[in-house]
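Undergrad: This note's numbering applies: residue 755 is where the sequence shown begins, and numbers increase by one.
One structure, as structure tokens, below. Some questions next.
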Amino acid sequence: MDNNIIEGKAIGKIILIGEHSVVYGQPAIAIPFLKAQIKASITKSTSKTKLDAYSFNGLLTDASSNLLGLTTVIKKVLEDFNQTPFGFDIKIESSIPAERGMGSSAAVSAATVRALYKFFNVALDNQKLTDLVNFSEKIYHGNPSGIDTAIVVNEKPLYYIKNQALLEFDYHLDAFLIVTDTGEKGNTKLAVTNVKSFIDNNVSLGNQIIKDLGNLTEQAQKVILKNNAKSLGDIMNQAQNLLSQLGVSNTMIDNLNKVAIENNALGSKLTGGGLGGCIISLCKSKKDAELISRKLLANGAKGTWIMDMRKEKRD
Ligand code: PMV
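Below you can see the structure in the form of structure tokens.
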């Protein structure tokens, strides 16, 4: 690392099961996604702070509205330190595209806050980082459950329930997980809003679906702990069906899930907010995962990552 560059890093996350219902107090299971790496670099300058992030490159104060969560948290940290946005530049580099349900917004904020604290030489603990990342997530998503922040800050698999103490969830699953980028941007804020409208307009059915998703997450925890990948696949398919009823799936997600299942995946579902973004497909072997990955790419997917779910092989 160049001595004049201060770096903060963060990883992304994958929700195995429980997205959306987690907003309503049900449990969810999420794991760190190490292939998603975000780096925030800060360099000294002699003028007003510039931000280079995704497709924006200009003055921090001119940043586009889709970066509002990030720019607001930067301003908050500077206010806490009695500093002005002057004398340094911030550059964000990401190995994953934004808005794909991999927790990139929380990861970008976490990496940037880490870099700012290092730059101003102030100690940062996990609670402070959690508060700051949740603050920026609220601006992005309106009503986040906090699951993205929890994984991005703690970098551990979690059985997560909103507003409860974090429960680490270690596992060994003889299986492989394909994470597939549908190529379409997700929209977590809209998806969360749509789910709320669905529940408001269909009170009994909506609440039942949320409860059923919670039950599926509890079952998923049990079968994962028994290393039963086949049952987890079935549970993932059931969760996809319920998420689809809530209106957060779309044609591309449905098509790619179908391709995965037709090619021997044990189960396949959207991950994260939905309405685009990524799907995850569980497979018995690496060979199956590679074949399914090729088929998904041939059917319009924009990228795939294969994760080994065995404890000693996870990367
Ligand atoms: O789309 P992502 O990666 O931000 O995941 C959102 C998960 C939701 O359950 C839909 C929302 C939340 O805050 O938990």
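For each residue, glycine too, the CB sits at the ideal point set by N, CA and C.
Everything numeric in this text was worked out from a predicted model, so none of it was measured.
Report whether the distance from the Cβ of H895 to the nearest heavy atom of ligand 1 is below 8 Å.
TA: Yes, the Cβ of H895 comes within 8 Å of a heavy atom of ligand 1.
Undergrad: Assign G855 to one of two classes, buried (16 or more other C-beta atoms within 10 Å of its C-beta) or exposed (fewer than that).
TA: So G855 ends up on the buried side.
Undergrad: May I have the straight-line CA-CA distance separating F810 from E847, to the nearest angstrom?
TA: One C-alpha to the other measures close to 12 Å.
Undergrad: Tell me whether I765 counts as near ligand 1, meaning its Cβ is closer than 8 Å to at least one heavy atom of that ligand.
TA: Outside the cutoff, so no.
Undergrad: Who are the Cβ neighbours of S849 in its own chain at under 8 Å, not counting the five residues just before and after it?
TA: Contacts found: K789, A790, Q791 and I792.
Undergrad: Please report how far the alpha carbon of V887 lies from the alpha carbon of C1037, in whole angstroms.
TA: So the two alpha carbons sit approximately 33 Å from each other.
Undergrad: What does a CB cutoff of less than 7 Å around A993 pick up in its chain, not counting 5 residues either side in sequence?
TA: I771, L967, L970 and K1023, listed in sequence order.
Undergrad: Is the beta carbon of S771 within less than 8 Å of some heavy atom of ligand 1?
TA: The residue asked about is misnamed: residue 771 is Ile in this sequence, not Ser. Outside the cutoff, so no.
Undergrad: Under 8 Å by Cβ, that's how I've got Y914 and A782 pegged, so tell me the actual separation to the nearest angstrom.
TA: That belief holds up - the Cβ atoms of Y914 and A782 are roughly 5 Å apart, short of 8 Å.
Undergrad: Beta carbon of V946: closer than 8 Å to some heavy atom of ligand 1?
TA: Yes, the Cβ of V946 comes within 8 Å of a heavy atom of ligand 1.
Undergrad: Alpha carbon to alpha carbon, how far is G857 from G841?
TA: Looking at the two C-alpha atoms, the distance is approximately 30 Å.
Undergrad: How big is the Cα-Cα spacing for G1071 and L996?
TA: In this structure the chain extends from 755 to 1069, so residue 1071 is not present and cannot be described.
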